[in-house]
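Numbering (the numbering used here), first residue to last: 1344 to 1558. For glycine and all other residues, C-beta sits at the position ideal for the given N, C-alpha and C.
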């Protein structure tokens, strides 16, 4: 196995290491999850400083190490600067990144996972902030779509097209702001609201407590 290798990766986690270095957790297409040191990345004039920021996609030249690899060259091919300009976008991006970290494997190609994450980050990047109500609604949709895609890749996608209780096809009423649908983790998918009462068991009535009497 050669000591140097080339990969394309996106930075998912970043933390200081030592006086000037940075420790990155990178999702790469070719090698899966890689933990690597970026020497001197925290120095003021370091060429690797910006390239070690979160959600930056780089072509990387790496050196294998016993415990941690090392980044020796990085060429940025994509970044998402608008994600950090809005709290909702940043929160959604970090949540999706955490899901990816729980799924990704090391020393194995992760092409589908890499493509899914970067696709959803790009959609969030392009989402306009105004009008606010439209933005909030779209951001929630993008979050749910991202979660669904990642769960599908993990083989545990929830059932969303039919009610898990009645088997009736669920058709969203997109023009009705009050339209709602239930979700049952136990059943693994969507549940029509009309079917929910039959699954709800009334809480047992607690026994009456007798008041103490003074003798």
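A distance of 8 angstroms or more separates the beta carbons of residue 1416 and residue 1426. Rounded to the nearest whole angstrom, the CA to CA distance from residue 1392 to residue 1364 is 9 angstroms.
C-alpha of residue 1367 to C-alpha of residue 1346: approximately 19 angstroms in a straight line.
Between the alpha carbons of residue 1448 and residue 1440 lies a distance of about 14 angstroms. Under the DSSP definition of a beta bridge, residue 1412 partners with 1379. Here DSSP, grouped into helix, strand and coil, assigns residue 1526 to strand. With a 10 Å radius around the Cβ and a threshold of 16 neighbouring Cβ atoms, residue 1432 comes out buried. In this model, residue 1519 and residue 1362 are separated by some 56 angstroms (Cα to Cα).
Counting C-beta atoms within 10 angstroms of its own C-beta, residue 1376 has 16 or more neighbours from the protein chains shown and is therefore classed as buried. For the options 1481, 1488, 1479, 1473, the alpha carbon positioned closest to that of residue 1463 is the one of 1488. Going by C-alpha positions, residue 1522 is about 24 angstroms away from residue 1470. Straight through space, the alpha carbons of residue 1352 and residue 1496 are spaced by roughly 19 angstroms. Under the three-state reduction of DSSP, residue 1462 is assigned to helix. The shortest C-alpha to C-alpha distance from residue 1499 to any of 1509, 1528, 1414, 1505 is the one to 1528. Straight through space, the alpha carbons of residue 1531 and residue 1406 are spaced by roughly 43 angstroms. When 1517, 1503, 1515, 1516 are compared, the shortest CA-CA separation from residue 1526 is found for 1503. Residue 1420 sits in a strand when the DSSP states are folded into three classes. The beta-carbon separation of residue 1400 and residue 1461, rounded to 7 angstroms, stays under the 8 angstroms limit for a contact.
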